Amino acid sequence: MGGMRLIFIICANLAFSTSESATCQQGPLGYYWRDYVGEIPYDAVPGGIDKSGQPTYIGQAYIKGFELLPATITAGSTTAMASAYNIAMPVNKNIKILCSNQLDKFSWLVTKSEEAHLITNCHLVIGGSEVDEIVHIGRVNHHGQTVIGKVFSYRPVFKGLWIPHDGHELNFASYEILTYNCNAHTGK
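Numbers -21 to -1, 1 to 167, taken from mature numbering (1 follows the signal peptide of the UniProt record, and there is no 0), label the letters of the sequence shown in order.
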């Protein structure tokens, strides 16, 4: 499993660190990141809903100086919303969108910050990295919408789900974490 994570991180970082368009092909995991330029691909993985009930999607944004961050993408927008270091950041370049031809293999596992590190029987989808730590993709229902954010599972000070809100970040101890091909009981 560690080797698979390393390949994924190298692929994601390569995609953001080169001046040419780098595309990572679908590997053994069954999902991949595509360049996002304002159009939702047919195979995009839904992440939730916005305030008007429209679907949102799972993004990833490279922000120089802030790392590779999970983000919420709203259909029809060229901007993704991410957060880091207590700042909510609208991002309009260097955005990827999570895609798969096996959408039925994704599920959201309900968890708590003090329990997330105990999830060992599921593949947790990696959303990027911040402060030299891998972050996973999580979501929470907040103010009438489902917001995508980053999950720190192992760093005690930052544990939990962090989402952008009103220019800052909010932390949640209870949330859903994105899994792929998980056999455990999950919530959708």
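Virtual Cβ for every residue (Gly too), placed ideally from N, Cα, C.
All values derive from a computational prediction rather than experimental measurement.
Beta-carbon spacing of residue i, residue j below 8 Å
i      : j      : result
Ser159 : Lys84  : Note on identity: in this sequence residue 159 is Tyr, with Ser being the wrong assignment. Taking 8 Å as the Cβ cut-off, Tyr159 and Lys84 qualify as a contacting pair.
Ile74  : Ala50  : yes
His121 : Ile142 : yes
Val104 : Ile116 : yes
Thr90  : Tyr11  : no
Buried or exposed (CB count within 10 angstroms, at least 16 for buried), residue i
i     : result
Glu94 : exposed
Val24 : buried
Tyr21 : exposed
Gly38 : buried
Ile52 : buried
Ile66 : exposed
Cβ-based neighbour list, residue i, same chain, cut-off 8 Å, excluding 5 preceding and 5 following
i      : result
Gln124 : Gly27, Ile28, Asp29, Lys30, Thr35
Leu161 : The sequence given here has Cys at residue 161, not Leu. Correct list, in chain order: Ser86, Leu88, Asn100, Cys101, His102.
His96  : Ser132, Tyr133
Neighbourhood of residue i by C-beta distance below 7 Å, restricted to the same chain and skipping five residues each side
i       : result
Pro69   : Thr58, Met60
Ser(-1) : Reliability fails at Ser(-1), whose pLDDT of 40 lies under 50, so the model's placement of it is uncertain and no value is given.
Ala40   : Leu48, Ala50, Ala59, Ala61, Val70, Asn73, Ile74
Minimum Cβ-Cβ distance from residue i to chain B less than 8 Å
i     : result
Ile76 : Any reference to chain B falls outside this structure, which holds one protein chain only.
Integer-rounded CB distance, given that residue j should sit under 8 Å from residue i
i      : j      : result
Leu48  : Gly107 : 5 Å
Ala54  : Ser92  : Actually they are not in contact, since the Cβ atoms of Ala54 and Ser92 sit about 30 Å apart, beyond 8 Å.
Val114 : Lys129 : 4 Å
Chain-order list of residues whose beta-carbon lies under 6 Å from that of residue i (same chain, five-residue window excluded)
i      : result
Phe45  : Ala63
Asn150 : Gly139, Trp141
Thr2   : Low confidence applies to Thr2: its pLDDT is 45, below 50, so where it sits in the model is not reliable, and the reading given next is rough at best. Nothing meets the Cβ criterion.
_Under 8 Å: do the segment 70 to 80 and the segment 139 to 148 share three or more Cβ pairs, one atom per stretch?_
Look at the beta carbons and you see the segment 70 to 80 not touching the segment 139 to 148: under three pairs across the two are nearer than 8 Å.
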